[in-house]
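Numbering (my numbering), first residue to last: 388 to 771.
First up is the structure itself, then whatever we jot down about it.
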């Protein structure tokens, strides 16, 4: 007697891979990606193949996100130490054998040219989440000291390249893990107060500190110039202050409704520098105005809140700390980029997630989203 087996449909074969996915998180990502493609088409349609490349980068990131989402948090935890060690070794390799471009040594040739600091954006929260997971319920002060040391090594090496933007993102991810692991408030408040006092002193003695020839010791000269330009961009309106001033003009000229899709004069007359990368928020603001900005902010807010909800419901301490740190990365990306374009933060090389052009940053975002989905998926499968 012949037996006939019914071949399952494509949907039935794909469904097991999609089971447990957080579709609210995916909805937020798809919304932001749609805004990013719209903004990129307008600002980059006459900029070579930027729009097509941006779409390709999104597809690559989506593929990475889907694959990483299938990996359990337990497997991710086993990768924490190797990734961290490899990342630090590569940073040391950059220090001794790195490739220098435009005064910065951030790359190394391993057959292909890579930027190891990007790996630490993911490896750092993985490592610290692993560290505190192994000490769940018995965290001692020395454990926080070790955590700060683990964080200081890569951040110091990245700042030495110098790459302040990436160092800031790595530090934010690491500090998020340390804070959510239970860092006492008595250790949190003193650095915050010192920072506030430092800002007040900086504003009070701006003229003396920003005078030519003054060495701040802790910062490179170009970093000092960026801080001084932030406080008074009109001191060099056609030079160091040009980026900030043009970004502020573009944002302000958008008004309530914006000038309309592909109608931005600051953008298309090329007054906005780096209009497809770091300063794409200015181009977006000019064309879509305050309403468009509020929509964009709502998308990021929903993404961040959803990430924190996933973190709160994580099945293990490792999963909770990792999800919280990854969510902090998205917040830091968005806050720093919008802040520097708006003139409230110094200009650093931090892209706007899903909106700015950039292959490496998009891959990093795909990895982070995949890990968030992995945590969410593990929780849902346990509950089901």
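Note that beta-carbon positions come from the ideal geometry of N, C-alpha and C, so glycine has one too.
C-alpha gap between residue i and residue j, whole angstroms
| i | j | result |
| --- | --- | --- |
| residue 392 | residue 453 | Because the pLDDT of residue 392 is 49, which lies under 50, any placement of that residue in the model is unreliable, and the number read from its coordinates should be weighed accordingly. When rounded, the distance between both Cα atoms is 30 Å. |
| residue 521 | residue 411 | 31 Å |
| residue 704 | residue 651 | 48 Å |
| residue 489 | residue 548 | 11 Å |
| residue 388 | residue 457 | Note that residue 388 scores 48 on pLDDT, short of 50, meaning its location in the model is unreliable; the coordinates nonetheless yield the value given after this. One C-alpha to the other measures close to 40 Å. |
| residue 702 | residue 542 | 30 Å |
| residue 589 | residue 551 | 19 Å |
| residue 686 | residue 615 | 32 Å |
| residue 662 | residue 492 | 24 Å |
| residue 725 | residue 690 | 16 Å |
| residue 636 | residue 463 | 45 Å |
| residue 758 | residue 455 | 6 Å |
| residue 532 | residue 753 | 31 Å |
| residue 679 | residue 596 | 38 Å |
| residue 482 | residue 610 | 20 Å |
| residue 604 | residue 479 | 23 Å |
| residue 535 | residue 692 | 27 Å |
| residue 499 | residue 486 | 12 Å |
| residue 425 | residue 684 | 16 Å |
| residue 667 | residue 584 | 33 Å |
| residue 494 | residue 586 | 33 Å |
| residue 506 | residue 558 | 13 Å |
| residue 608 | residue 624 | 18 Å |
| residue 413 | residue 423 | 15 Å |
| residue 484 | residue 736 | 23 Å |
| residue 755 | residue 469 | 18 Å |
| residue 575 | residue 523 | 21 Å |
| residue 530 | residue 449 | 36 Å |
| residue 451 | residue 600 | 48 Å |
| residue 570 | residue 593 | 34 Å |
Residues that residue i bridges to, as DSSP identifies them
| i | result |
| --- | --- |
| residue 492 | 487 |
| residue 500 | 496 |
Span of the alpha helix (DSSP H) around residue i
| i | result |
| --- | --- |
| residue 560 | 551-567 |
| residue 535 | 528-546 |
| residue 638 | 629-640 |
| residue 696 | 667-699 |
| residue 432 | Premise fails: residue 432 is in no alpha helix (DSSP H) and is neither H nor E. |
| residue 720 | 704-729 |
| residue 572 | 572-591 |
| residue 609 | 608-618 |
| residue 464 | 460-465 |
| residue 652 | 652-655 |
Under 8 Å between C-beta atoms of residue i and residue j
| i | j | result |
| --- | --- | --- |
| residue 517 | residue 598 | no |
| residue 561 | residue 512 | yes |
| residue 515 | residue 581 | no |
| residue 431 | residue 744 | yes |
| residue 573 | residue 716 | no |
| residue 639 | residue 674 | no |
| residue 695 | residue 721 | no |
| residue 555 | residue 723 | yes |
| residue 676 | residue 634 | no |
| residue 416 | residue 475 | no |
| residue 741 | residue 497 | no |
| residue 447 | residue 749 | yes |
| residue 427 | residue 437 | yes |
Spatial neighbours of residue i in its chain, beta-carbon cut-off 7 Å, leaving aside the 5 residues before and after
| i | result |
| --- | --- |
| residue 698 | 707, 710, 711 and 714 |
| residue 568 | 519, 526 and 708 |
| residue 628 | 616, 620, 621 and 622 |
| residue 765 | 459, 460, 702 and 706 |
| residue 472 | none |
| residue 658 | 633 |
| residue 751 | 505, 508 and 509 |
| residue 761 | 455, 456, 458, 459, 460 and 463 |
Residue i at chain B interface by Cβ criterion, 8 Å
| i | result |
| --- | --- |
| residue 735 | The chain inventory of the structure shown lacks chain B, comprising one protein chain alone. |
Close beta carbons around residue i, own chain, < 6 Å, minus the five adjacent residues each side
| i | result |
| --- | --- |
| residue 631 | 620 and 730 |
| residue 617 | 733 |
| residue 763 | 409 and 697 |
| residue 553 | 504 and 545 |
| residue 649 | 429 |
| residue 728 | 634, 666, 668 and 669 |
| residue 719 | 556 and 559 |
Close-in-space but distant-in-sequence residues of the same chain around residue i (CB under 8 Å, 5 per side omitted)
| i | result |
| --- | --- |
| residue 647 | 674 |
| residue 440 | 744 and 746 |
| residue 664 | 738, 743, 744 and 745 |
| residue 612 | 627 |
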